[in-house]
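So the structure is just underneath, and the comments pick up after that.
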Amino acid sequence: MKKSLEEIVKTEAEYYDGNKLERGKIRKLRRHAFHFSGKREAKVLDKIVATFHDKELLEIGSSSWLYWIKGKVMPKKITCINISEFRLNNCKKKAEGIPFEMDFLLMDANQLEFPDETFDVVYGGAILHHLDIEKSLNHVHRVLKPGGYILFTEPLNINPLYKIYRKLNPKERTPDEHALVLNDFKIIKEKFTFEHYFFDFFSVFTGFISLKIYGDKNYKNWINKTGYYLDVLFSKIPFMHVLFARVIIYGKKK
1 MKKSLEEIVK
11 TEAEYYDGNK
21 LERGKIRKLR
31 RHAFHFSGKR
41 EAKVLDKIVA
51 TFHDKELLEI
61 GSSSWLYWIK
71 GKVMPKKITC
81 INISEFRLNN
91 CKKKAEGIPF
101 EMDFLLMDAN
111 QLEFPDETFD
121 VVYGGAILHH
131 LDIEKSLNHV
141 HRVLKPGGYI
151 LFTEPLNINP
161 LYKIYRKLNP
171 KERTPDEHAL
181 VLNDFKIIKE
191 KFTFEHYFFD
201 FFSVFTGFIS
211 LKIYGDKNYK
221 NWINKTGYYL
231 DVLFSKIPFM
241 HVLFARVIIY
251 GKKK
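Residue numbering for the sequence shown follows this note's numbering, beginning at 1 and increasing consecutively.
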């Protein structure tokens, strides 16, 4: 029987409140596969986030501001929402002394409770794939001011090899999360202009080889560097995008 959205939200909260995910193995691979692409990703994000000065921001989630915004730009205000009280409280403690206003609210992003046209930007790190994409983006579009922007980083589940990996390693993710597929991009494009930056195809495989050779160390090696340069080259070819593992989505409200 198909689970209701309410049941899915409850399960997601239980997983994050209970810290149930087992990601030790994937973290080791990511340290190799994402070593160079992570620096490229940070440069792209820094350039976009620089435009957030004096804006009212909504973070779907509660920790991306620590890495994307803190010490880099001065927004007018950030409102963070999360369905996990545990995660929300942890991040709230880290906001002490921040030189701009912040709110932390327990809220489901599938059903945003804010008035229409409240925020200049809605953003989040690896969050859309935990949501009902169409329902949540309808709310995001509603709460954005005219000309407002979205910014999300998301995993992809288009490459068949990634699909197999996810099937074989179910404990690394919540039961109902769904990395983005082509149909999700169609939904996004209905309501937002769409710029995208793709990351990590070859680097996933070279990262696996590098991990086997070097173990959980020496990430800055020629194997990882080769995968990274191949990714940069092939990410410029549109029909290759379906092979990549991650994407930055940046768009403007239509």
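Note that beta-carbon positions come from the ideal geometry of N, C-alpha and C, so glycine has one too.
Quick caveat: nothing in here was measured; it's all calculated off a predicted structure.
Fill in: C-beta neighbour in chain C for E134, strict 7 Å
Annotation note: the requested chain C is absent from the structure, which comprises a single protein chain.
Fill in: Residue(s) in a DSSP beta bridge with N82
L106
Item to complete: With Y219 as the anchor, note down where its beta strand (DSSP E) starts and where it stops.
Response: Where Y219 is concerned, there is no enclosing beta strand (DSSP E), given that its DSSP letter is neither H nor E.
Worksheet item: Which term fits L112, buried or exposed, when burial requires 16 or more other beta carbons within 10 angstroms of its beta carbon?
Response: buried
Worksheet item: Within this structure, are the beta carbons of S136 and N110 separated by less than 7 Å?
Response: yes
Practice prompt. Spell out the partners DSSP gives M59 in its beta bridges.
Written response: One detail in the question is off: residue 59 reads as Glu in this sequence, not Met. C80 and Y123.
Worksheet item: Should the region 47-63 be regarded as contacting the region 25-39, the criterion being three or more beta carbon pairs within less than 8 Å?
Response: no
Worksheet item: Helix, strand or coil: which one does DSSP assign to G38?
Response: helix
Item to complete: List the residues that DSSP assigns as beta-bridge partners of P155.
Response: R246
Worksheet item: For the 8 Å Cβ check, are there 3 or more pairs between the region 238-253 and the region 187-203?
Response: yes
Discussion item. D120 and K145 - do their beta-carbons sit closer together than 7 Å?
Written reply: yes
Worksheet item: Closest to K39 by CA distance: which of P238, F86, N224 and D184 is it?
Response: N224
Practice prompt. Can you grab the Cα-Cα spacing for the pair I158 / M102, in whole Å?
Written response: 36 Å
Item to complete: Output the distance between the C-alpha atoms of A42 and K10, rounded to the nearest integer angstrom.
Response: 32 Å
Worksheet item: Can C80 and F100 be called in contact, C-beta distance under 7 Å?
Response: no
Practice prompt. Measure the Cβ-Cβ separation of D184 and I8 and say whether it is below 7 Å.
Written response: no
Practice prompt. Tell me whether L45 sits in a helix, a strand or coil according to DSSP, three-state version.
Written response: helix
Worksheet item: Taking all protein chains shown into account, do 16 or more other C-beta atoms lie within 10 angstroms of the C-beta of F239, making it buried, or fewer, making it exposed?
Response: exposed
Item to complete: Please state whether DSSP places E12 in a helix, a strand or coil.
Response: helix
Worksheet item: Which residues in the same chain as L168 place their Cβ atom closer than 8 Å to its Cβ, once the five residues preceding and following it in sequence are excluded?
Response: none
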